[in-house]
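Visitor: My questions all concern the structure below.
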Amino acid sequence: MSSLYPSLQQSISNISSGKGNGGKSLFFFARVNDIVLSTETKTTNFFKEAGGWAGLGSIKFTPINSKPDSDKPANLIAKPLFNNISKYPILNELVLILNAPSYGLNEDPQAKTFYYLTTVGIWNSVHHNAFPDIQTYRGGELNFGSTFTEKEDIRNLLPEEGDVLLEGRWGNSIRFSSTTKQKQPNNPWSSQGDIGMPITIIRNNQSNVDINSDPWVPVYEDPNNDGSSIYLCAGQDIPLNLASKNLTSFGVTVGAAFNSALQIPDPFLKPEDQSPKDADNLK
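Heads up: the sequence shown begins at 12 in this note's numbering, then just goes up one per residue.
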């Protein structure tokens, strides 16, 4: 084992034999080799070894900096440390591992097992942070898993001061933010309203319209070109493009410079049994 982790092998032996680790915490980094997300796993019998559905999210891992020979620990399993908010790693991502109390506490107060905390942000990317084992990597496509396919157009969100961001791997996100007017380029929701007023943005499917070709440049949400979104506002003016500017049935003419503050009246229908669609199509 690497001298960086002189107690790792002994800790593994102790945990396997039920002796715990003397009450000491052990943290180290490891590469994800397999993960339980269904009954089908890359490694034979891993679903059963992990405890069936009670082991959902469990990973098989190899500590980094270990030798690529018989000294390398094999078939080590770690469970998610947290179970109310889940962020499942993909294959070849690195995670932080620790040992903590296991369900065998009734038989042994020192009983411990491995848990993983989070993915190491090597690329600082919301899409993936996979990194090959250079000791064994022979080039070609990196294995991310059974269904995960890398997409080069996924960008991180550009944050504002004090933001809380929840970002998925595929351009889906929730932003808890506020009106700000001091930064250039300014965000698309701060042209109106008082600084510090809250806004919540839920977005699904990131826009690829007019984005920088550099995949590391973050982006704001685009209310007109994102796949779909919900904006919960408090005095902000969102620059929305109308899907249709044909509002004849409302007695309103909409030009190129549409005023988003315009009050649209009830439909003007003659005769009364005429539908809004028929009224819109009147010449």
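By construction, the Cβ of each residue, glycine as well, lies at the ideal position given by its N, Cα and C atoms. All figures in this text were calculated on a predicted structure; none of them were measured in a lab.
With which residues is Leu177 paired in a DSSP beta bridge?
Guide: Partner(s): Ile185.
Visitor: Using a threshold of 8 Å, state whether the C-beta atoms of Leu109 and Leu128 are closer than that.
Guide: In contact: Leu109 and Leu128 (Cβ atoms closer than 8 Å).
Visitor: Measure the Cβ-Cβ separation of Ile206 and Thr191 and say whether it is below 8 Å.
Guide: Yes, Cβ-Cβ distance for Ile206 and Thr191 is below 8 Å.
Visitor: Starting from Lys59, trace the alpha helix (DSSP H) both ways and give me its first and last residue.
Guide: Per DSSP, Lys59 belongs to the alpha helix (DSSP H) from 57-60.
Visitor: Considering only their Cβ atoms, is the gap separating Pro226 from Arg166 smaller than 8 Å?
Guide: The answer is yes: Cβ separation under 8 Å.
Visitor: If contacts are defined as beta-carbon pairs under 8 Å, then Thr211 and Arg186 qualify, I think. What distance do you get, rounded to the angstrom?
Guide: Correct: roughly 7 Å between the Cβ atoms.
Visitor: Measuring CB to CB, does Gly132 end up less than 8 Å from Asn140?
Guide: Yes, the pair counts as a contact, with Cβ atoms nearer than the cut-off.
Visitor: For Ser159, which of helix, strand or coil comes out of DSSP?
Guide: Contrary to the premise, residue 159 reads as Phe rather than Ser in this sequence. Phe159: coil per DSSP, three-state reduction.
Visitor: In angstroms with no decimal places, state the Cα-to-Cα distance between Asp45 and Asn95.
Guide: In a straight line, the C-alpha of Asp45 is about 22 Å away from that of Asn95.
Visitor: Can you check which of these residues, Leu176, Val220, Glu171, Asn183, is closest to Ser196 by C-alpha distance?
Guide: It is Pro, not Ser, that sits at residue 196 in the sequence shown. Checking every option, the nearest Cα to that of Pro196 belongs to Glu171.
Visitor: Note down, one range per segment and in chain order, each beta strand (DSSP E) of at least 3 residues found wholly within the segment 182-270.
Guide: The qualifying runs are 184-189, 209-215, 239-243.
Visitor: In this structure, does DSSP put Asp291 in helix, strand or coil?
Guide: Of the three classes helix, strand and coil, the one that applies to Asp291 here is helix, per DSSP.
Visitor: What are the partner residues of Asn110, as DSSP defines its beta bridges?
Guide: Beta-bridge pairing links Asn110 to Phe125.
Visitor: Just mark Ile10 as buried or exposed, buried being the case when its beta carbon has 16 or more other beta carbons within 10 Å.
Guide: Given a span of 12 to 294 for the chain in the structure shown, any question on residue 10 remains unanswerable.
Visitor: Once you ignore the five residues that flank Gly246 on each side, which residues in its own chain have a CB closer than 8 Å to its CB?
Guide: Closer than 8 Å at Cβ, skipping near neighbours: Thr190, Gln203, Gly204, Asp205, Met208.
Visitor: Which residues in the same chain have their Cβ closer than 8 Å to the Cβ of Val228, if we skip the five residues on either side of it in sequence?
Guide: Result list for Val228: Arg166, Ile222, in chain order.
Visitor: Using the rule of at least 16 other Cβ atoms within 10 Å of the residue's Cβ for burial, across every protein chain shown, is Glu51 buried or exposed?
Guide: Exposed, since its Cβ has fewer than 16 Cβ neighbours within 10 Å.
Visitor: Rounded to whole angstroms, what is the Cα-Cα separation between Trp64 and Asn56?
Guide: The alpha-carbon atoms of Trp64 and Asn56 are separated by roughly 13 Å.
Visitor: Could you give the distance in angstroms between the alpha-carbon of Ser184 and the alpha-carbon of Asn216?
Guide: C-alpha separation (whole angstroms): 9 Å.
Visitor: Would you grab the beta carbon distance between Pro91 and Thr130 for me? Rounded to a whole angstrom, and I think it's under 8 Å.
Guide: In fact, because the Cβ distance is near 12 Å, the residues do not count as touching under 8 Å.
Visitor: Between Phe125 and the rest of its own chain, which residues show a CB-CB distance below 6 Å, the 5 nearest in sequence each way excluded?
Guide: Excluding sequence neighbours, Phe125 sits near Ala89, Ile108, Asn110.
Visitor: Could you check what DSSP says for Leu48 in three-state terms: helix, strand or coil?
Guide: It is coil, neither helix nor strand.
Visitor: How many angstroms separate the CA atom of Gly182 from the CA atom of His138?
Guide: Each residue's Cα considered, the two are about 8 Å apart.
Visitor: With distances taken between CB atoms, is the gap from Leu258 to Asn235 smaller than 8 Å?
Guide: Contact: no.
Visitor: At which residues does the beta strand (DSSP E) containing Ala89 begin and terminate?
Guide: Looking at the DSSP string, the run of the beta strand (DSSP E) that includes Ala89 is 87-91.
Visitor: Please identify the residue among Phe72, Asn154, Asp164 whose C-alpha is closest to the C-alpha of Val220.
Guide: When each option's Cα is compared against that of Val220, the closest is Asp164.
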